[in-house]
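Here the structure comes first, spelled out in structure tokens, and everything after it is commentary.
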Amino acid sequence: MSVDLPLPVLKPADFASDQDVRWCPGCGDYAILAQMKKIMPTLGIPREKIVFISGIGCSSRFPYYMNTYGMHSIHGRAPAVATGLKTVRPDLQVWVITGDGDGLSIGGNHLMHAIRRNLDLNIILFNNRIYGLTKGQYSPTSPLGKKTKSTPMGAIDNPLHPLSIAIGCEATFVARAIDTEIKHLGEVLKRAAEHQGVSFVEVYQNCNVFNDGAWAYAKERETKADTTLELVHGKPMIFGKNRDKGIRLNGMNPEVVELGKGISEDDLLFHDEKAAEPSLAYLLSRMRYEDGFPEPIGVFRAVERPRYDVMINDQVEQMTAERGKGDLDKLFASGDTWEVA
Amino acid sequence: MSVDLPLPVLKPADFASDQDVRWCPGCGDYAILAQMKKIMPTLGIPREKIVFISGIGCSSRFPYYMNTYGMHSIHGRAPAVATGLKTVRPDLQVWVITGDGDGLSIGGNHLMHAIRRNLDLNIILFNNRIYGLTKGQYSPTSPLGKKTKSTPMGAIDNPLHPLSIAIGCEATFVARAIDTEIKHLGEVLKRAAEHQGVSFVEVYQNCNVFNDGAWAYAKERETKADTTLELVHGKPMIFGKNRDKGIRLNGMNPEVVELGKGISEDDLLFHDEKAAEPSLAYLLSRMRYEDGFPEPIGVFRAVERPRYDVMINDQVEQMTAERGKGDLDKLFASGDTWEVA
Amino acid sequence: MSTTAVLEKEIHTLDEATVRFCGDSGDGMQLAGTQFTNTSALMGNDIATFPDFPAEIRAPQGTLAGVSGFQVHFSSTDIYTPGDTVDALVAMNPAALATNLGDLRTGGILIVNSDAFEAKGLDQAGYETNPLEDGTLKSYRLHKVAMTKLTRAAVEGLDMSQKEKDRCRNFFAMGLVFWLYDRPLEPTLRYIEDKFGKKPEIAQANTAALKAGYHYGETVEAINTQFHVPKAKLTPGKYTSIVGNTALAYGLMTAARLSNKRLFLGAYPITPASSILEELARHKNFDVLTFQAEDEIAAMTATIGAAFAGAMAVTASSGPGIALKGEGIGLAIMTELPMIVINVQRGGPSTGLPTKTEQADLFQAIFGRNGECPMPVIAACSPADCFDVAQEAWRIAVRYMVPVMLLTDGYIANGSEPWRIPKYADLKKIEITHPGRPSNGDTFLAYRRDERLARPWAIPGTPGLEHRIGGLEKQDITGNVSYDPANHQHMVNLRAEKVARVANDIPPQKIDGPASGDLLVLSWGGTYGACATAVHNLQAKGKAVSHCHLRWVNPLPKDLGDIMKRFKKVLIPELNLGQLRTIIRAIYLIDAIGLNKVQGKPFSVAEVANKMEAVLRGDLSSTEAPPEMSDLEAPVKAILEKVSHGG
Amino acid sequence: MSTTAVLEKEIHTLDEATVRFCGDSGDGMQLAGTQFTNTSALMGNDIATFPDFPAEIRAPQGTLAGVSGFQVHFSSTDIYTPGDTVDALVAMNPAALATNLGDLRTGGILIVNSDAFEAKGLDQAGYETNPLEDGTLKSYRLHKVAMTKLTRAAVEGLDMSQKEKDRCRNFFAMGLVFWLYDRPLEPTLRYIEDKFGKKPEIAQANTAALKAGYHYGETVEAINTQFHVPKAKLTPGKYTSIVGNTALAYGLMTAARLSNKRLFLGAYPITPASSILEELARHKNFDVLTFQAEDEIAAMTATIGAAFAGAMAVTASSGPGIALKGEGIGLAIMTELPMIVINVQRGGPSTGLPTKTEQADLFQAIFGRNGECPMPVIAACSPADCFDVAQEAWRIAVRYMVPVMLLTDGYIANGSEPWRIPKYADLKKIEITHPGRPSNGDTFLAYRRDERLARPWAIPGTPGLEHRIGGLEKQDITGNVSYDPANHQHMVNLRAEKVARVANDIPPQKIDGPASGDLLVLSWGGTYGACATAVHNLQAKGKAVSHCHLRWVNPLPKDLGDIMKRFKKVLIPELNLGQLRTIIRAIYLIDAIGLNKVQGKPFSVAEVANKMEAVLRGDLSSTEAPPEMSDLEAPVKAILEKVSHGG
Ligand SMILES: Cc1ncc(C[n+]2csc(CCOP(=O)(O)OP(=O)(O)O)c2C)c(N)n1
Ligand SMILES: Cc1ncc(C[n+]2csc(CCOP(=O)(O)OP(=O)(O)O)c2C)c(N)n1
Ligand code: SF4
Ligand code: SF4
Ligand SMILES: [Mg+2]
Ligand SMILES: [Mg+2]
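Chains as they are written, first to last, in numbering that gives the first Met the number 0: chain A, 0 to 340; chain B, 0 to 340; chain C, 0 to 646; chain D, 0 to 646.
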């Protein structure tokens with residue numbers, strides 16, 4: 000739906016609610032909040048048409064801080080709440096804010112189904128690889144061997160890779176950003192907002208109290224250029240402090256190569272966020288620092304598919320067009336009837 | 000654990016319980032049951048060491064028909080029940096029987112986490128693309144547009160591909176079989192049983208009452224050679240009635256090619272179920288009949304990884320080795336204590 | 000078709016009769032029952048029905064587990080139940096006879112398809128000798144009819160397979176019973192035309208079989224009496240026969256229209272609630288959105304999202320699914336959004352007896368959540384009542400800004416009764432006001448309340464009302480999160496008081512019978528019919544008994560305490576171990592007596608009447624309706640016990 | 000360090016005293032409280048504590064929402080509660096003063112860090128003028144101590160940052176309070192040594208600060224009285240101070256050892272239950288398996304799997320998590336497997352007040368499932384009692400083959416008390432027998448029962464006992480699926496009767512006070528201490544009052560009805576709106592009176608005592624403990640209400 004009235008010009012501060020922000024000082028969540036407030040005025044959507052739905056977790060307090068409509072629901076269920084909301088009101092812009100525990104542990108199933116339905120939701124998963132709010136138990140993204148309050152001898156479950164799962168269940172928009180790379184983060188959030196259909200964004204977020212430095216390799220000035228790779232549609236995959244390294248495909252496997260020495264940009268894998276098949280996005284989602292790869296950030300995949308929220312309403316319109324607006328009196332009498340005089 | 004006593008020689012019939020089988024006549028479930036009973040005596044595991052755990056659905060009645068230990072639990076939770084069981088008793092062989100609704104709708108999250116934990120469970124998902132037991136509503140694997148009792152105008156959610164999801168969450172063994180290809184089915188079940196770690200098998204199963212013919216293309220004598228592709232480790236991907244077609248890789252995308260005409264077997268994709276990275280398995284899981292591909296059957300992926308059920312018990316042993324068998328009296332007095340006389 | 004002369008036969012006029020068709024699931028007994036019901040309704044009888052499906056989708060043919068039945072009670076007076084015992088039983092095979100004979104009254108008419116009583120069928124039913132021959136049926140008026148042969152003869156020459164021909168047997172049986180109870184064939188002929196118009200062979204065959212059955216009645220000497228049940232004196236109007244879940248779906252659609260709302264249903268399939276989803280999915284042109292969720296938790300929380308969005312939001316499930324919704328219901332209560340949570344109760348606990356009926360989820364409805372978490376609970380008393388109850392639930396939900404639990408049960412959901420079709424224009428509108436953009440400078444207070452303690456329903460999209468809600472305790476008035484102890488107490492009290500105030504909207508209880516007396520029967524939900532009938536029967540015998548039926552189970556009507564005090568005894572029959580009784584005792588400290596049955600089946604009128612008489616005689620203990628206790632060793636039993644299950 | 004001369008000061012001997020440390024979450028108040036507690040315990044006092052965490056992980060420094068407190072009640076006589084009011088309050092900043100002053104008794108000692116009362120801090124706490132200066136504190140014995148400066152001085156010269164130095168302030172405060180209450184420094188010095196041994200600078204700094212604080216007390220003139228609380232007469236033995244959740248974990252491990260079982264805990268983190276998981280995870284060498292599940296449903300059903308496997312299977316959660324487990328608990332009840340379901344209750348409904356305490360999940364425990372689905376429910380009464388209750392829950396679970404619900408609450412879970420350390424060898428073994436391979440030819444009957452109605456616990460791996468269980472109704476004796484109506488009634492009755500028979504294992508109720516009288520206080524769970532103390536207080540005043548505390552809440556003790564009849568009135572104080580009261584009324588038809596408080600906080604002794612006196616005076620209405628009702632407009636309040644939350 001389009002907005003008829005000229006919009007008042009809003010500033011990021013207009014999107015701040017009157018509630019005190021209650022995250023630990025230094026928490027990565029602040030940066031994400033700041034970027035969100037920053038991109039809001041650029042979307043051309045009036046404040047009252049925006050809704051933030053979250054589950055439970057530090058990250059899930061997010062809606063309280065946005066001066067939009069919002070619901071801080073229950074643990075893991077935000078995608079389902081958002082589905083009901085968006086189905087009834089496809090004209091609203093609906094954001095889902097979740098954490099690695101909220102979204103991938105208790106809420107994994109709802110996340111998976113919201114993604115496969117391709118409702119036009121913007122799902123932002125704050126991945127700090129820990130349960131923050133409950134004070135430091137391991138999460139489904141905690142690495143093997145991770146010692147936490149609930150795993151004093153180290154975690155023994157293989158971590159889930161949020162983007163691999165999203166891609167495994169038919170996601171149409173998949174992206175990754177880092178809390179401290181604020182400009183890039185803002186751009187990714189904006190792309191997510193603009194995507195028609197479900198957008199799934201993983202944000203590497205630092206929990207400085209219970210899991211400080213979990214993403215240090217990808218955030219620190221000295222290492223980040225070598226450990227991350229910014230994806231640009233149509234461009235070769237180049238990274239490194241001196242932009243002298245790249246990703247090349249070897250059969251089905253990616254490999255890190257050095258540019259020069261007989262290898263030119265053209266030999267590299269070119270990013271194609273619009274690839275019909277998600278195989279490239281899947282492969283990128285598997286590139287991990289611990290395996291010697293840079294971890295891609297940016298938009299992995301952005302394709303258009305029909306939206307559930309639109310289609311369900313289309314069915315209403317279609318049946319209405321075919322049969323006319325429902326007439327209860329007719330319906331009541333549609334079976335065998337008889338008169339008693 | 001190994002078995003000490005020589006095993007009595009069992010026959011498939013020894014694995015039949017005394018309960019009447021209560022599936023509709025003609026249901027594909029019968030064939031799966033028959034194959035299961037058939038492979039059982041070949042596994043060298045005594046009957047009392049085998050447990051079948053299921054959820055709810057037609058498929059989930061399976062345990063009643065096996066003369067082993069079993070539990071017909073609640074809808075969607077079989078992987079979690081099995082996790083508790085296997086954790087406590089890694090020496091038992093534990094099977095999980097589930098359906099496309101039980102396993103991918105209500106139980107999606109448990110399935111995902113059981114898979115990523117890589118417990119040594121054999122999970123068999125009977126995919127009939129419908130809710131059988133509740134009489135014909137669509138399921139997460141029903142195709143777009145599918146008209147069912149609950150979708151009279153056609154389904155509007157993108158179907159989930161069970162194997163893509165399993166691969167998306169770190170599965171170590173992934174396979175597919177068809178209820179009517181009984182020999183192949185038996186082999187796949189046996190491979191699943193033998194795999195150390197989680198085995199996830201999708202079986203195309205016909206529900207002749209509520210979704211008859213859902214897999215007709217892959218089952219019918221005239222079409223099946225062209226619509227399915229039997230995967231063999233280390234072998235090129237050849238299919239077709241005359242074994243004259245193959246799958247070739249074009250960049251990241253598979254394509255169907257005809258052999259001869261300048262294309263030889265060596266140009267084809269070779270199957271590698273042991274590939275370190277799951278990208279090949281993922282790509283295979285995406286090949287769909289409706290997109291003009293044969294659908295692979297057989298073992299997509301079979302790699303070894305540490306097992307959760309083993310590691311959790313190892314931690315017990317390790318701590319016991321380090322600290323000795325726990326002494327409660329010492330533990331009670333491990334904090335500050337004082338004597339009252 | 001044979002052309003025997005029509006014989007002169009007696010016609011007896013009866014007040015009422017109960018007929019049951021039973022046979023294999025493949026025998027089309029549900030169709031036979033439905034046609035008989037519709038025809039009886041069209042003839043002006045009052046009716047009540049009880050379909051009884053097997054638990055299996057399709058149990059092996061001829062087995063006890065595969066028996067399907069449909070009972071029709073039709074009458075020239077008001078009736079409320081499908082009948083305790085059966086006057087005429089049609090059994091299409093030995094298994095059907097074995098499992099249904101117990102309900103046929105002594106001297107009742109027994110029509111069997113004698114062709115089906117061969118070795119295999121008898122064996123599957125656990126008969127060692129043929130009951131048609133061994134004299135065991137001598138206390139019934141047995142008619143052995145070679146239905147298979149007669150049907151085959153009737154459809155001879157038509158171009159269809161034997162199997163297809165045999166499938167017409169149910170029409171033969173119908174024809175015969177239609178003749179027996181003096182019903183016209185026209186409605187069924189119309190049905191055949193509608194349904195099989197495009198398959199003329201089948202239409203022709205069914206027609207032929209139907210007529211052959213009717214003709215058989217007219218001509219065969221052995222059946223020498225015909226029965227006639229005159230029209231009932233129903234309130235004038237246009238009627239249709241309606242099934243509970245359909246009435247509920249219609250009621251929801253009506254409530255949505257009356258309140259000018261989109262209807263959103265979030266549901267996950269589960270027996271016996273699924274058909275609410277299925278029915279609503281067929282009516283999207285009524286601005287109905289049906290969302291089949293991935294599970295019950297998603298169904299519940301999507302419903303909360305839809306309520307927040309401003310729709311008439313509903314979720315429907317059965318016991319185990321409602322258990323899963325508990326946490327979500329807590330959020331609904333905390334956010335004070337209006338919605339309806341429907342529980343079509345089935346046999347529990349756990350998966351229990353999924354295709355059977357029970358009233359054992361009342362505790363769960365009232366108490367089954369963490370914290371002090373009250374919600375209004377309303378219960379339908381019959382299939383047609385579902386229509387009204389759906390509207391009332393919504394009216395209260397929006398008046399008080401509260402989720403409402405609506406209880407029905409498997410018996411109501413699948414049963415049918417005549418429904419006097421209302422005119423939409425005559426129905427009472429449901430008023431809803433949403434706050435609009437506030438006047439300049441006013442801050443919106445999401446938890447400021449009106450006189451009913453309802454907070455405003457401000458919906459996203461409204462400028463100036465941006466606000467955040469959630470599951471943490473809310474500060475009074477502002478709705479901000481609050482950890483203040485005093486505020487928490489205040490809010491807990493407020494939520495309880497709000498639900499208590501719903502009682503202001505409950506009209507004074509109707510008492511069926513004198514306002515005081517020896518015994519009050521207090522009932523709720525689907526036991527209404529059996530209780531009403533039992534009370535009428537005892538009143539007819541001159542006993543000082545009355546009946547009071549609860550529509551709202553939480554809160555209870557304000558006058559209930561006074562009403563109960565005016566009776567010497569209060570009897571509460573329930574299909575559970577005494578859940579309402581526990582609540583009544585706790586609130587009113589009244590030593591109410593229970594009649595409790597947990598057998599997956601409704602009460603018979605006799606069970607209630609017997610217990611009433613026992614209480615009147617001075618037996619004041621709570622009792623269970625004595626189960627027809629089965630010798631678990633008997634062969635039929637033993638086979639019946641074989642695994643069987645449902646959804 | 001300054002070297003002032005030590006002054007001669009008065010020493011008062013007291014029976015008991017209550018001290019509270021409060022400050023910003025970063026100020027180390029939990030540590031101060033714990034050290035004070037341990038030291039007091041070592042000195043032989045009876046103790047009870049109450050930590051009060053802020054809801055946030057780390058609220059912004061200096062804010063009201065960030066205040067953290069720890070209260071210690073220590074005594075020379077038996078005590079059961081952390082104390083209603085505080086005798087000495089240590090407030091490290093204005094926010095702490097603002098939120099805690101209300102609990103300091105008039106005339107109480109108030110020690111503040113005067114350095115923190117500068118503009119920003121005062122503003123954050125909502126003070127417009129400085130309370131240290133404006134006379135508002137004149138009814139307390141105020142000691143303004145420049146703790147920041149004094150601490151800095153004490154640690155001067157050490158190689159650490161200012162911030163690190165300031166972090167030693169809590170040791171200064173401890174030192175001062177240790178002097179005030181005549182406690183030795185040695186235990187704390189030992190603690191510093193243990194904890195910071197590897198960081199000698201920090202150890203040195205903390206030691207210096209601690210001693211400086213102590214010395215300050217000795218030397219500063221303004222503080223002229225020291226207090227002494229002599230040893231309590233505790234039962235001889237070795238003691239340690241134990242926190243509720245730790246005692247519970249120990250109890251579970253002990254029960255497992257006593258029954259020769261592996262211990263399996265399936266849990267999903269949730270406040271305030273998480274530390275059970277965390278504690279058990281540290282003791283794998285006790286053959287403990289901890290499974291952190293993906294959610295509570297998985298935790299519950301994995302627990303069922305572990306029980307089937309033959310382990311001692313336990314799941315632990317809090318209200319909302321238990322709501323999610325409801326369906327699974329139904330399966331546990333239907334499969335009749337032994338296990339323990341722990342609910343550490345917190346403030347509800349919904350997410351509610353996650354870090355606060357409440358008793359409002361009793362209804363959920365007893366009634367919160369679909370169908371007739373009873374289970375035994377046991378409740379711990381204090382931190383140390385958790386140890387015993389865990390064993391008793393398991394003993395009953397295996398004797399009756401039934402899941403048992405074990406209730407504690409946030410107050411018990413985080414509170415601590417002295418625990419007389421038992422000798423493992425003295426504890427009663429828990430006998431379990433598993434059936435073995437049946438004699439040749441016998442079929443195993445999975446639902447054949449013993450005299451307690453318990454079925455056999457046959458575990459996978461045993462040859463010849465292969466069997467299948469599940470959630471559908473079971474045939475009596477065989478355990479096969481059964482749809483038989485009579486069998487269903489029978490099994491529903493059996494499951495109810497089995498739970499009822501648990502009462503055979505409940506010893507006669509202990510009554511604290513005379514066996515009859517004017518008023519019986521009936522309590523359950525964590526309110527034990529406040530009720531016991533209030534009853535003692537009134538008994539001391541010569542009132543005819545007694546106390547009866549329930550350990551098993553379902554079934555109720557057999558003698559409870561008779562006991563209650565011997566009193567004129569029964570008062571049931573609960574931290575809910577009257578849940579036990581509802582059940583007592585329903586069962587016994589007794590007009591029990593309620594004292595109900597739902598404020599996220601335990602009862603004070605005075606609240607219970609006042610209500611008892613009111614009842615004795617003739618006020619027979621149920622009431623709420625009057626909240627200290629807050630004027631929501633006041634500035635402190637307004638700020639306090641700002642968003643805050645927990646897990
Ligand atoms: C039903 C339920 N179970 C458990 C909890 C406790 N809980 C709250 S948040 C949380 C996990 C938070 O982790 P994550 O989603 O990663 O968020 P973070 O705090 O790290 O941002 C848990 C287990 C709850 N509130 N509700
Ligand atoms: C909690 C709960 N919700 C819903 C149901 C109803 N139900 C039973 S089986 C089923 C789906 C079955 O589908 P699937 O898993 O595909 O099995 P199939 O019958 O097709 O083999 C449903 C929705 C239930 N038993 N329990
Ligand atoms: S605990 Fe971690 S994630 Fe939570 S607010 Fe603090 S730093 Fe952020
Ligand atoms: S309904 Fe379908 S899946 Fe179920 S038993 Fe019948 S044929 Fe098989
Ligand atoms: Mg996290
Ligand atoms: Mg299915």
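Just so it is clear, CB atoms sit at the ideal spot from N, CA and C, and this is done for glycine as well.
Keep in mind the model is a prediction, meaning the values are calculated, not measured.
Cβ-heavy atom distance, residue i to ligand 4, below 7 Å
{"i": "A/G167", "result": "no"}
{"i": "B/W22", "result": "yes"}
Near ligand 3: residue i beta-carbon under 7 Å from a heavy atom
{"i": "C/W393", "result": "no"}
Interface partners of residue i on chain D, CB under 8 Å
{"i": "A/S149", "result": "P268, S273, L276, E277, A280, T289 and Q291"}
{"i": "C/D360", "result": "N369 and G370"}
Separation of residue j from residue i, as counted between CA atoms
{"i": "B/A192", "j": "B/K36", "result": "13 Å"}
{"i": "D/G196", "j": "A/G153", "result": "26 Å"}
Under 7 Å by beta carbon: chain A residues contacting residue i
{"i": "B/N117", "result": "N157"}
Environment of residue i [buried if 16+ CB atoms lie within 10 Å]
{"i": "D/L619", "result": "exposed"}
{"i": "D/R168", "result": "buried"}
Under 7 Å by beta carbon: chain C residues contacting residue i
{"i": "A/R322", "result": "N284"}
Assess contact between the stretch 307–315 of chain A and the stretch 397–411 of chain C, defined as three or more Cβ pairs (one per stretch) separated by less than 8 Å. Is contact present? no
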